[in-house]
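Colleague: Quick note: the sequence shown, position 75, residue 75 per full-length UniProt numbering, numbers continuous.
Could you have a look at this structure, given as C-alpha coordinates, before my questions?
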Amino acid sequence: YKHGASETTAALEFAVNSLQVPNVLVVGHSRCGGIQALMSMKSKKDDRSSRTFIRDWVSLGKSARLSTEAAAGNLSFESQCRHCEKESINSSLLNLLTYPWIEERVKEGNLNLHGGYYNFIDCTFEKWTLVYRPGLEGGSKYAIKNRSTWS
(Lines of atoms letter the chains of each structure in order from A and count residues from 1; the text may use other names and numbers.)
(Lines give C-alpha, C1' and ligand atoms only; values in the text may rest on other atoms or scores of the structure.)
Protein backbone atom coordinates (compact mmCIF):
# COMPACT_ATOMS: atom_id res chain seq x y z
CA TYR A 1 0.00 0.00 0.00
CA LYS A 2 1.35 3.39 -0.98
CA HIS A 3 -0.29 6.49 0.42
CA GLY A 4 -0.93 8.99 -2.32
CA ALA A 5 -2.83 9.58 -5.52
CA SER A 6 -3.58 6.46 -7.53
CA GLU A 7 -6.51 5.56 -9.71
CA THR A 8 -6.37 1.99 -8.44
CA THR A 9 -6.34 3.03 -4.79
CA ALA A 10 -9.23 5.44 -5.37
CA ALA A 11 -11.28 2.76 -7.14
CA LEU A 12 -10.62 0.25 -4.36
CA GLU A 13 -11.46 2.74 -1.63
CA PHE A 14 -14.70 3.75 -3.34
CA ALA A 15 -15.78 0.15 -3.99
CA VAL A 16 -14.91 -1.14 -0.51
CA ASN A 17 -15.89 1.84 1.65
CA SER A 18 -18.66 3.59 -0.27
CA LEU A 19 -20.30 0.77 -2.21
CA GLN A 20 -19.37 -1.83 0.43
CA VAL A 21 -18.85 -4.54 -2.17
CA PRO A 22 -18.77 -8.00 -0.56
CA ASN A 23 -16.20 -9.45 -2.98
CA VAL A 24 -13.04 -8.39 -4.81
CA LEU A 25 -11.77 -10.65 -7.60
CA VAL A 26 -8.19 -10.40 -8.91
CA VAL A 27 -7.87 -12.19 -12.27
CA GLY A 28 -4.79 -13.25 -14.21
CA HIS A 29 -4.46 -15.25 -17.39
CA SER A 30 -2.27 -17.73 -19.21
CA ARG A 31 0.47 -16.65 -21.61
CA CYS A 32 0.72 -13.28 -19.86
CA GLY A 33 3.26 -11.05 -21.59
CA GLY A 34 3.81 -9.07 -18.39
CA ILE A 35 4.76 -12.21 -16.48
CA GLN A 36 7.02 -13.35 -19.34
CA ALA A 37 8.76 -9.94 -19.18
CA LEU A 38 9.06 -10.23 -15.39
CA MET A 39 10.56 -13.72 -15.58
CA SER A 40 12.96 -12.56 -18.35
CA MET A 41 14.36 -9.60 -16.38
CA LYS A 42 18.07 -9.75 -15.72
CA SER A 43 19.87 -8.31 -12.71
CA LYS A 44 18.90 -5.34 -10.54
CA LYS A 45 21.53 -3.27 -12.35
CA ASP A 46 19.84 -4.14 -15.63
CA ASP A 47 16.46 -3.11 -14.20
CA ARG A 48 17.72 0.37 -13.25
CA SER A 49 19.57 1.08 -16.48
CA SER A 50 16.56 0.64 -18.74
CA ARG A 51 13.68 2.26 -16.86
CA THR A 52 10.36 2.33 -18.66
CA PHE A 53 6.79 2.56 -17.44
CA ILE A 54 6.23 -1.06 -18.48
CA ARG A 55 9.36 -2.27 -16.68
CA ASP A 56 8.29 -0.37 -13.53
CA TRP A 57 4.81 -1.93 -13.72
CA VAL A 58 6.18 -5.43 -14.31
CA SER A 59 8.60 -4.99 -11.40
CA LEU A 60 5.62 -4.88 -9.02
CA GLY A 61 5.51 -8.66 -9.42
CA LYS A 62 9.01 -9.16 -8.04
CA SER A 63 7.81 -11.10 -4.97
CA ALA A 64 5.89 -13.49 -7.24
CA ARG A 65 9.02 -14.00 -9.32
CA LEU A 66 11.13 -14.74 -6.23
CA SER A 67 8.53 -17.21 -4.93
CA THR A 68 8.41 -18.87 -8.32
CA GLU A 69 12.18 -19.16 -8.57
CA ALA A 70 12.26 -20.78 -5.12
CA ALA A 71 9.39 -23.20 -5.77
CA ALA A 72 9.70 -23.91 -9.49
CA GLY A 73 13.21 -22.81 -10.49
CA ASN A 74 14.02 -26.27 -11.83
CA LEU A 75 11.12 -26.24 -14.32
CA SER A 76 11.11 -25.00 -17.91
CA PHE A 77 10.73 -21.27 -18.57
CA GLU A 78 7.15 -21.83 -19.76
CA SER A 79 6.26 -23.78 -16.59
CA GLN A 80 7.88 -21.12 -14.42
CA CYS A 81 5.80 -18.46 -16.18
CA ARG A 82 2.60 -20.46 -15.60
CA HIS A 83 3.50 -20.80 -11.91
CA CYS A 84 4.32 -17.09 -11.67
CA GLU A 85 1.02 -16.11 -13.33
CA LYS A 86 -0.85 -17.69 -10.43
CA GLU A 87 1.66 -16.58 -7.81
CA SER A 88 1.29 -12.97 -8.94
CA ILE A 89 -2.46 -13.21 -8.31
CA ASN A 90 -1.77 -14.39 -4.76
CA SER A 91 0.76 -11.56 -4.30
CA SER A 92 -1.89 -9.09 -5.43
CA LEU A 93 -4.38 -10.55 -2.95
CA LEU A 94 -1.87 -10.19 -0.12
CA ASN A 95 -1.07 -6.66 -1.30
CA LEU A 96 -4.76 -5.78 -1.00
CA LEU A 97 -4.48 -6.59 2.70
CA THR A 98 -1.97 -3.75 3.12
CA TYR A 99 -4.85 -1.30 2.61
CA PRO A 100 -6.15 -0.74 6.16
CA TRP A 101 -9.82 -0.52 5.18
CA ILE A 102 -9.58 -3.77 3.18
CA GLU A 103 -7.78 -5.67 5.93
CA GLU A 104 -10.37 -4.51 8.47
CA ARG A 105 -13.34 -5.63 6.37
CA VAL A 106 -11.70 -8.99 5.61
CA LYS A 107 -11.02 -9.60 9.31
CA GLU A 108 -14.63 -8.66 10.14
CA GLY A 109 -15.88 -11.11 7.51
CA ASN A 110 -17.51 -8.34 5.47
CA LEU A 111 -15.23 -8.62 2.44
CA ASN A 112 -14.01 -11.68 0.55
CA LEU A 113 -10.88 -11.65 -1.60
CA HIS A 114 -10.83 -14.06 -4.54
CA GLY A 115 -8.19 -15.02 -7.06
CA GLY A 116 -9.04 -16.14 -10.56
CA TYR A 117 -6.98 -17.55 -13.41
CA TYR A 118 -8.22 -17.81 -16.99
CA ASN A 119 -6.39 -20.38 -19.11
CA PHE A 120 -6.74 -19.44 -22.79
CA ILE A 121 -5.28 -22.75 -23.93
CA ASP A 122 -7.84 -25.12 -22.44
CA CYS A 123 -10.61 -22.54 -21.87
CA THR A 124 -10.84 -23.08 -18.12
CA PHE A 125 -11.26 -20.67 -15.24
CA GLU A 126 -9.82 -21.46 -11.83
CA LYS A 127 -11.08 -19.58 -8.76
CA TRP A 128 -10.00 -19.55 -5.11
CA THR A 129 -10.65 -17.51 -1.96
CA LEU A 130 -8.20 -16.00 0.50
CA VAL A 131 -9.43 -16.44 4.08
CA TYR A 132 -8.34 -14.84 7.35
CA ARG A 133 -7.43 -17.21 10.19
CA PRO A 134 -7.45 -15.21 13.45
CA GLY A 135 -5.30 -16.27 16.37
CA LEU A 136 -2.99 -18.46 14.32
CA GLU A 137 0.38 -18.73 16.08
CA GLY A 138 3.29 -18.46 13.66
CA GLY A 139 2.95 -18.92 9.93
CA SER A 140 0.51 -17.04 7.75
CA LYS A 141 -2.75 -15.66 9.07
CA TYR A 142 -4.24 -16.21 5.62
CA ALA A 143 -4.98 -19.36 3.66
CA ILE A 144 -6.43 -20.37 0.31
CA LYS A 145 -9.73 -22.27 0.28
CA ASN A 146 -12.56 -23.23 -2.05
CA ARG A 147 -10.32 -23.78 -5.07
CA SER A 148 -12.40 -24.83 -8.06
CA THR A 149 -11.96 -25.06 -11.83
CA TRP A 150 -14.68 -24.47 -14.40
CA SER A 151 -14.46 -25.56 -18.00
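Glycine included, C-beta positions come from ideal geometry on N, C-alpha and C.
Just so we're clear, the structure is a prediction, and the values are computed from it rather than from any experiment.
Hey, could you find the ends of the alpha helix (DSSP H) Ser92 is sitting in?
Modeller: In the sequence shown, the residue the question calls residue 92 occupies position 92. 77 to 96 is the extent of the alpha helix (DSSP H) around Ser92.
Colleague: Nearest CA to the CA of Val131: which residue from Arg105, Leu19, Trp150, Thr149?
Modeller: The residue you call residue 131 lines up with position 131 of the sequence shown. The candidate whose alpha carbon is nearest that of Val131 is Arg105.
Colleague: Count the other CB atoms, across all protein chains shown, that sit within 10 Å of the CB of Asn146; report buried if there are 16 or more and exposed otherwise.
Modeller: Counting from one through the sequence shown, the residue named residue 146 turns up at place 146. Exposed.
Colleague: Indicate whether Ser30 and Ala64 have their beta-carbon atoms separated by less than 7 Å.
Modeller: As a working mapping, residue 30 is identified with position 30 in the sequence shown. As a working mapping, residue 64 is identified with position 64 in the sequence shown. No, the Cβ-Cβ distance between Ser30 and Ala64 is not below 7 Å.
Colleague: Taking three-plus beta-carbon pairs below 8 Å as touching, is the segment 111 to 126 in contact with the segment 63 to 77?
Modeller: At 8 Å Cβ cutoff, the stretches do not touch.
Colleague: For a test of the three-state rule: what should DSSP assign to Ile102, helix, strand or coil?
Modeller: As a working mapping, residue 102 is identified with position 102 in the sequence shown. Of the three classes helix, strand and coil, the one that applies to Ile102 here is helix, per DSSP.
Colleague: Give the range of the beta strand (DSSP E) segment to which Gly116 is assigned.
Modeller: Sequence index remark: in the sequence shown, residue 116 carries index 116 (1-based). Where Gly116 is concerned, the enclosing beta strand (DSSP E) stretches over 112 to 119.
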